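First comes the structure, then the notes that go with it.
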Amino acid sequence: MKLFVTILTIKRHTYRTETYFMNQLEFSNTVISLQDKLFRIAKRLLVSSDEAQDACQEILSKLWEKRSDLDGLRSVEAYAITMTKNYCLDRLKLKEASNLRLVHSNYESASDNVQRTIEQQDQLDLIDAFLKTLPANQQLLFQLREVEGMEYDEIEKILDMKPTAIRVSLSRIRKQLREQLLKMNSYGIS
Amino acid sequence: MELVKIEALLEKYFEAETSLKEEAILKSFFSSDQVPAHLEMYRPMFAYAVAESKLKDQTPYRIRSKRRLSPFMKIAASITVVVSIGIFAREYQQKKQAEYAYQQTMAAMELIANQFDKAKQSIGYLEVYEDSKNKIFKK
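Line by line, the protein sequences give chains E and L.
Position 70 of the first sequence, counted from 1, bears residue number 70 in the numbering used here, the numbering being contiguous throughout.
For the numbering used here, count along the second sequence from 1 and bump the result up by 1000.
Take a look at the structure:
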């Protein structure tokens, strides 16, 4: 009887550590550390911080439910970002369908970044405004390369684009940005 | 970093031919205070990317785990359920049996009571007999 009980307790112990506790720890290490990145990507597309936060929570919950699938993936990061992208695009579509326009008034660029100095503010706002005029895919491309600093092969997978298309698109975005800044400079910052 | 090199990198940058490392060089150059006047206009492009990369999600995520029972607990739980059903079933049966016995006893008692009632009626005849006996044999 005593032996039986000890076997049971040992079994129970291994069960706990292998499939329950470790997964939670691993999940925190791999996925939760991506939270800020996913948030920034969601914010790039959804604009408002609140919505980006909601999206982020939703995606992390979904990832937690799918955690058993994550082990087999080559890049959890790419998977998570793709999920975020799809989620945000769905949200945007829903909004368009219900004729709800994006409210830009709740976009607080100033309070988001304390690092921004006042003289830079105008120019950074201009960049913000310019990026918002781009299609969602190009906004994402900008976010992934310029802000998150990701390699092209990862971006290709997430955006499902060919390498040349990415280069061309990115080059165009950068040149357009340069033009915007040139225009602003030539008019002078009054 | 020489200015010529930076200018060459910028050229490559706008053709999207720079590597991440080269872009990092540009970012750090344009965040320094050595940027000459004619390149000043590019500063916000890199400053924007750097500033955006510092955004953080303010709401911490907590795993909402649905606690799952271990197999051992599942077995224990099912055994408990089966045993308790068994106990209840037996108790129910015993109760039924007791009820049946009670009813049987009550029926038997009633039968006896009826017999007693009949007997009591017969006692009435006795009383009539006693009365008439007294009438006849007057003291």
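All C-beta atoms in this analysis are idealised placements derived from N, C-alpha and C, irrespective of residue type, glycine included.
Source: prediction; values computed, not measured.
Does the Cβ of residue i have 16 or more other Cβ atoms within 10 Å, making it buried, or fewer, making it exposed?
{"i": "GLU1011 of chain L", "result": "exposed"}
{"i": "MET1106 of chain L", "result": "exposed"}
{"i": "ARG74 of chain E", "result": "exposed"}
{"i": "ASP50 of chain E", "result": "exposed"}
{"i": "VAL1082 of chain L", "result": "exposed"}
{"i": "LYS162 of chain E", "result": "exposed"}
{"i": "GLU1052 of chain L", "result": "buried"}
{"i": "VAL1004 of chain L", "result": "exposed"}
{"i": "GLN123 of chain E", "result": "buried"}
{"i": "PHE1088 of chain L", "result": "exposed"}
{"i": "GLU148 of chain E", "result": "buried"}
{"i": "LYS132 of chain E", "result": "exposed"}
{"i": "LYS1133 of chain L", "result": "exposed"}
{"i": "ILE173 of chain E", "result": "buried"}
{"i": "ILE1123 of chain L", "result": "exposed"}
{"i": "LYS1118 of chain L", "result": "exposed"}
{"i": "ILE1006 of chain L", "result": "buried"}
{"i": "LYS37 of chain E", "result": "buried"}
{"i": "PHE1030 of chain L", "result": "buried"}
Under 8 Å, do residue i and residue j count as touching if we go by C-beta distance?
{"i": "LEU140 of chain E", "j": "LEU63 of chain E", "result": "no"}
{"i": "ILE59 of chain E", "j": "THR84 of chain E", "result": "yes"}
{"i": "PHE1046 of chain L", "j": "LYS1027 of chain L", "result": "yes"}
{"i": "LEU170 of chain E", "j": "ILE127 of chain E", "result": "no"}
{"i": "ALA1049 of chain L", "j": "GLU179 of chain E", "result": "no"}
{"i": "GLN57 of chain E", "j": "TYR1061 of chain L", "result": "yes"}
{"i": "ARG167 of chain E", "j": "ALA1016 of chain L", "result": "yes"}
{"i": "LEU1055 of chain L", "j": "PHE39 of chain E", "result": "yes"}
{"i": "ASP1057 of chain L", "j": "GLN53 of chain E", "result": "yes"}
{"i": "LEU181 of chain E", "j": "PRO1036 of chain L", "result": "no"}
{"i": "LEU34 of chain E", "j": "ALA97 of chain E", "result": "no"}
{"i": "ASN86 of chain E", "j": "MET1041 of chain L", "result": "no"}
Using a Cβ-Cβ cut-off of 6 Å (strictly less than) and excluding sequence neighbours within five positions of residue i, which residues of its own chain qualify?
{"i": "GLU154 of chain E", "result": "ALA78"}
{"i": "VAL1128 of chain L", "result": "none"}
{"i": "GLU1022 of chain L", "result": "LEU1009"}
{"i": "LEU70 of chain E", "result": "VAL76"}
{"i": "LYS1135 of chain L", "result": "none"}
Can you name, in chain order, every residue of its own chain whose Cβ lies under 7 Å from the Cβ of residue i, other than the five neighbours on each side?
{"i": "PHE1018 of chain L", "result": "In the sequence as displayed, the identity of residue 1018 of chain L is Thr instead of Phe. Closer than 7 Å at the Cβ level, and outside the excluded window around THR1018 of chain L, lie LEU1009, LYS1012."}
{"i": "ILE1085 of chain L", "result": "none"}
{"i": "ASN137 of chain E", "result": "LEU159"}
{"i": "CYS88 of chain E", "result": "ALA42, LEU45, LEU46, ALA55"}
{"i": "PHE27 of chain E", "result": "TRP64, ARG67"}
{"i": "TYR152 of chain E", "result": "PRO163, ILE166"}
For residue i, go through chain L and note every residue whose CB falls closer than 7 Å to its CB, in chain order.
{"i": "LEU60 of chain E", "result": "TYR1061"}
{"i": "CYS88 of chain E", "result": "Residues of chain L passing the Cβ test: none, with the nearest at roughly 14 Å."}
{"i": "GLU146 of chain E", "result": "ALA1049"}
{"i": "GLY72 of chain E", "result": "Chain L residues near GLY72 of chain E: none, gap ~21 Å exceeds 7 Å."}
{"i": "GLN123 of chain E", "result": "PRO1044"}
{"i": "LEU159 of chain E", "result": "Within chain L, no residue comes near LEU159 of chain E; the closest Cβ sits about 14 Å away, beyond 7 Å."}
Could you work out which residues of chain L lie near residue i, taking near to mean beta carbons separated by less than 8 Å?
{"i": "ASN185 of chain E", "result": "MET1041"}
{"i": "GLN53 of chain E", "result": "ASP1057, GLN1058, THR1059"}
{"i": "ASP36 of chain E", "result": "LEU1055, LYS1056, ASP1057"}
{"i": "LYS43 of chain E", "result": "LEU1055"}
{"i": "LYS175 of chain E", "result": "PHE1014"}
Leaving out the 5 sequence neighbours to the left and right, which residues in its chain are closer than 8 Å to residue i when beta-carbon positions are compared?
{"i": "LYS157 of chain E", "result": "SER75, ALA78, THR82"}
{"i": "ILE1112 of chain L", "result": "none"}
Show which residues of chain E have a CB atom less than 7 Å away from the CB atom of residue i.
{"i": "PHE1029 of chain L", "result": "Correct list: empty, because the minimum Cβ distance to chain E is about 15 Å."}
{"i": "GLU1015 of chain L", "result": "SER171"}
Quick one: which chain E residues come within Cβ less than 8 Å of residue i?
{"i": "SER1053 of chain L", "result": "ARG40, VAL147, GLU148, GLY149"}
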